[in-house]
Amino acid sequence: MERKQFFRQAWAALTAPQIRVTDEEPNPWLNRELPPGGRSRSGLEAYSGSWTFAEAAHLLRRTTFGPRMDEIENAVRAGLPATLDQLLAPKPLPDPPVNPSFTNDPAVPIGSTWVYVSRDPNVNGYRRRSLEVWWTGQMLNDGISLTEMMTLFWHNHFVTELGTVLDAHAMYQYLDLLRRHALGNWQRLTEDMTLNPAMLEYLNGNQNTGDAPNENYARELLELFTIGKGPLIGPGDYTWFTEQDIQAAARILTGWRSRYPQQAPFEPAAYFTASRHDMTAKQFSPAFQNRLITTTGDQAYKELISMIFDQEETARFLCRKLYRWFVYYVIDETAEELVINPMADLLRDHNYDIIPALRALLSSAHFYDMVNQGCIIKNPLVFILGAARQLEVVFPADPNPGRRYVMWGYLLEQAATQQMAPLSPPNVAGWPAYYQAPGFHELWINSVTLPARTRYTDQLIGAGYTRNGFTLKIDPLPLLAQYITDPNDPWVLVETFARLMLPQPLVPEQITFLRDTLLPGIPDYEWGMEYGAYLANPQDDNLRMSVLIKLQALFKTLMNLAEYHLC
1 MERKQFFRQA WAALTAPQIR VTDEEPNPWL NRELPPGGRS RSGLEAYSGS WTFAEAAHLL
61 RRTTFGPRMD EIENAVRAGL PATLDQLLAP KPLPDPPVNP SFTNDPAVPI GSTWVYVSRD
121 PNVNGYRRRS LEVWWTGQML NDGISLTEMM TLFWHNHFVT ELGTVLDAHA MYQYLDLLRR
181 HALGNWQRLT EDMTLNPAML EYLNGNQNTG DAPNENYARE LLELFTIGKG PLIGPGDYTW
241 FTEQDIQAAA RILTGWRSRY PQQAPFEPAA YFTASRHDMT AKQFSPAFQN RLITTTGDQA
301 YKELISMIFD QEETARFLCR KLYRWFVYYV IDETAEELVI NPMADLLRDH NYDIIPALRA
361 LLSSAHFYDM VNQGCIIKNP LVFILGAARQ LEVVFPADPN PGRRYVMWGY LLEQAATQQM
421 APLSPPNVAG WPAYYQAPGF HELWINSVTL PARTRYTDQL IGAGYTRNGF TLKIDPLPLL
481 AQYITDPNDP WVLVETFARL MLPQPLVPEQ ITFLRDTLLP GIPDYEWGME YGAYLANPQD
541 DNLRMSVLIK LQALFKTLMN LAEYHLC
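Numbering (the numbering used here), first residue to last: 1 to 567.
Here is the structure:
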């Protein structure tokens, strides 16, 4: 179902009859136009301001799936350069997904990986589920690293969909490619992605022959994966490429197919068939300086990609996507001049290695400008995983992966309900929150997802989620003991957790409201007496529950604040 059709139906069911929902306005409260420009005059110059809890938390909220209190405090002590070093450091590749106990995969013992065994259509569904759940777990456990966040970024950039490709082995290989290049070289990733078996299937590269060129991948290579469109200048022609360029690129890419070996290591592979390849010269338009590519055969695709990456606009296109992912969705003329252009120059100067440009952005005065803090609506994965990470929810640690995969699966299901299931973006352009103007990230909040967010956090701080004898839930008591300098002072308690969980300072009235949520009609000193009595006798269930109920009310209210949805 189309996304707009989905929202029209949901909205029509929940609104008064006099409100008319049209194709152009699925939600009347979304942005009708972008906010005006001139947000910030700061640029890519190095940030030279203070480095406190607020700045460290801002960096980690944008680059990880929810920082814990100790991680933020460690970043404050380490300083900005060292924290960036940690975020950008290469990580060992994780162990691949396994057969957990809830599946039925006779060729693979429980706890062993299915990645390097033969494909079996009878268990492919189980393996697909294992892959989705496993990646959710990798994001949850990535710690202070940009690896999984950038893997997700590239997944939203070089989109494939599990529901289209279907094969678990091909999709694991695709995800492994993204992770290996997550902090690597964009041009090399583009070359490798062009021959990736999942991508060949998803955008019909397998069907692209000299006799019947298929333009699907060529079109998305130009429009979505590299240079972008720019303004329309004629029927089907854009500023940065034309229909002629799509046709020429498609002919260069003819002849590639994918196969699934029947012998070990059983990894999907691309191969070239010369008889299916267009051997003629390919003429490009003035958008590419009338380039004529005469190279043919299995190396021609590299010359095509090199030509695209020779265009200055290609670097700017990616820098805008990185900006919208990490900074804000509005790119005004000032941001274009002071951030995007110099960042694109860095990207080109380093031959499209991604780290120098990322480091410059994340250490820039612009990134730490107050107008760019706490202004992005968390995407569902950051919201879901962040609640579990920040409040240190304990997951099963037993060697058998069954219970662990079940709990990761619960997080995956929450993400699907909130419209961001990993490996299942809605279309080849990715999630609309990163490209659909003027709503952008406001699209994450609607009549379906907002109640789902509240149900999730209410459940975590309440009864929790129980499966196979294990309960996933937030326990505030260990957090209180570990992080509150004066746990007998309710004001210190409230302000400490507000600082951890919310991206901007609260006004005094909000702090007072939260204090009154913790202690409704109760003087401050009684909290100290009650908590002290619990510490003196932690085995007393009545004392423990009395303290716990108050803390649960506070955390529930914090997570229901509008500010909690921001990062």
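Every residue gets a Cβ at the ideal spot worked out from N, C-alpha and C, and that includes glycine.
Here the structure is a predicted model, which is why all the values come from computation and not from measurement.
Using C-beta distances below 6 Å, list every residue in its chain close to Ala168, excluding the 5 sequence neighbours before and after it, in chain order. Excluding sequence neighbours, Ala168 sits near Asn124, Arg127, Arg128, Leu131.
Whole-angstrom C-beta distance between Ile293 and Thr194, which should lie under 8 Å: No, Thr194 and Ile293 are not in contact; Cβ-Cβ is about 15 Å, not under 8 Å.
Under 8 Å between the Cβ atoms of Ile445 and His350? No, these two residues do not count as a Cβ contact at 8 Å.
*asked:* Classify Asp142: buried if its beta carbon has 16 or more other beta carbons within 10 angstroms, exposed otherwise.
replied: With 16 or more other Cβ atoms within 10 Å, it is buried.
According to DSSP, residues forming a beta bridge with Trp431: According to DSSP, Trp431 bridges with nothing at all.
Practice task
In angstroms with no decimal places, state the Cα-to-Cα distance between Ala170 and His181.
Solution key: Our two residues, Ala170 and His181, have alpha carbons roughly 17 Å apart in a direct line.
Would you call Asn208 buried or exposed, if buried means 16 or more other Cβ atoms sit within 10 Å of its Cβ? Answer is buried; the Cβ neighbour count reaches 16.
### Task
Would you list the residues sitting across from Ile377 in a DSSP beta bridge?
Under DSSP, Ile377 forms a beta bridge with Leu566.
request  = Identify, in the order they occur along the chain, each residue of the same chain with its Cβ nearer than 6 Å to the Cβ of Val159, setting aside the five sequence neighbours on each side.
outcome  = Answer for Val159: Pro425, Val428, Gly430, listed in chain order.
* Asked: Among the residues of its own chain, which have a CB less than 6 Å from the CB of Thr226, if the five just before and after it don't count?
  -> Sequence-distant Cβ neighbours of Thr226 in its own chain, meaning closer than 6 Å and more than five residues away, are Ile308, Thr314.
Point to revise | Delimiting residues of the beta strand (DSSP E) encompassing Trp256 | key: Its beta strand (DSSP E) spans residues 256-259.
- Contact check, Ser258 vs Glu312, beta carbons under 8 Å: No, these two residues do not count as a Cβ contact at 8 Å.
- Cβ-based burial, Asp540 [other Cβ within 10 Å; buried from 16]: If you draw a 10 Å sphere on the C-beta of Asp540, you find fewer than 16 other C-beta atoms in it, and that means exposed.
Next item on the list: Classify Val382 as buried or exposed, calling it buried when 16 or more other Cβ atoms lie within 10 Å of its own Cβ.
Entry: By the neighbour-count criterion, in which a residue is buried when 16 or more other Cβ atoms sit within 10 angstroms of its Cβ, Val382 is buried.
Query raised in the report: Would you report the Cα separation of Met150 and Leu93, rounded to the nearest angstrom?
Result: If I take the Cα positions, the gap works out to 14 Å.
request  = Please report the Cβ distance between Gly464 and Leu472, rounded to the nearest whole angstrom; I am assuming they are in contact, meaning their Cβ atoms lie under 8 Å.
outcome  = A Cβ-Cβ separation of about 5 Å places Gly464 in contact with Leu472 under the 8 Å criterion.
**Q.** Length at least 3, wholly inside the segment 195-262: the beta strand (DSSP E) runs in chain order
**A.** For the segment 195-262, whole beta strand (DSSP E) runs of length 3 or above, ordered along the chain, are 232-234, 256-259.
| My guess is that Gly439 and Asn31 are in contact by the Cβ rule of under 8 Å, so how many angstroms apart are they, rounded? | Indeed, because the Cβ distance is near 5 Å, the residues count as touching under 8 Å.
Worksheet item: Per the contact definition of three or more C-beta pairs closer than 8 Å, is the segment 73-80 in contact with the segment 104-114?
Response: No, the segment 104-114 does not touch the segment 73-80.
Mapping DSSP to helix, strand and coil, what is Tyr405? Note: Tyr405 maps to helix in three-state DSSP.
Discussion item. One question on the structure: do Cys375 and Arg61 come within less than 8 Å of each other, judged by their Cβ atoms?
Written reply: Not closer than 8 Å, so no.
Notebook entry, point to check: Using 8 Å as the Cβ pair cut-off and three pairs as the minimum, do the segment 209-219 and the segment 184-193 touch?
Noted result: Below 8 Å, too few C-beta pairs join the segment 209-219 and the segment 184-193 to call them touching: fewer than three.
Query raised in the report: Does the segment 391-398 touch the segment 468-488, meaning 3 or more C-beta pairs lie closer than 8 Å?
Result: When Cβ pairs closer than 8 Å are counted between the two stretches, the segment 468-488 is seen to touch the segment 391-398, the count reaching three or more.
How is the alpha helix (DSSP H) around Ala536 delimited, first residue to last? 524-536 is the extent of the alpha helix (DSSP H) around Ala536.
Next on the checklist: Between the alpha carbons of Phe497 and Trp29, how many angstroms are there, rounded?
Outcome noted: Near 31 Å, if we compare the C-alpha coordinates of Trp29 and Phe497.
key: DSSP-derived helix/strand/coil call for Lys550   = Lys550 falls in the helix class under three-state DSSP.
Looking only at its own chain, which residues have a Cβ that is under 7 Å from the Cβ of Met69, when we skip the five neighbours before and after it? Excluding its 5 nearest sequence neighbours in each direction, Met69 has C-beta neighbours in its own chain below 7 Å: Tyr483, Leu500, listed in chain order.
* Pick helix, strand or coil for Ile293, following the three-state DSSP scheme. => Strand, per DSSP.
- Endpoints, the beta strand (DSSP E) within which Val272 is located: Val is not the amino acid found at residue 272; the sequence shown has Phe there. For Phe272, the uninterrupted beta strand (DSSP E) segment begins and ends at 269-272.
### Environment of Leu232 [buried if 16+ CB atoms lie within 10 Å]
Exposed.
Whose C-beta lies closer than 6 Å to the C-beta of Glu148 among residues of the same chain, with five residues either side of it excluded? Its chain contains Gln138, Met139, Asp142 as the residues whose beta carbon lies nearer than 6 Å to that of Glu148, once the 5 sequence neighbours on both sides are disregarded; these appear in chain order.
Status (buried if at least 16 other CB within 10 Å, exposed otherwise) for Pro54: First, the amino acid is wrong: residue 54 is Ala here, not Pro. Taking a 10 Å sphere around the C-beta of Ala54, we find 16 or more other C-beta atoms and assign the residue as buried.
(request) Just mark Ile549 as buried or exposed, buried being the case when its beta carbon has 16 or more other beta carbons within 10 Å. (result) With fewer than 16 Cβ atoms within 10 Å of its Cβ, Ile549 is classed as exposed.
Quiz item: Beta-carbon separation of Leu423 and Phe65 under 8 Å?
Solution: Inclusion of Leu423 and Phe65 in the CB contact set at 8 Å is not warranted, their separation being larger than that value.
If you drop the 5 nearest sequence neighbours on each side, which residues of the same chain put their C-beta closer than 7 Å to that of Ala533?
-> Taken in chain order, the residues that qualify are Leu543.
For this session: Compare the beta carbon distance of Thr136 and Trp408 with 8 Å and say whether it is the shorter of the two.
Result: Yes, they are a contact pair.
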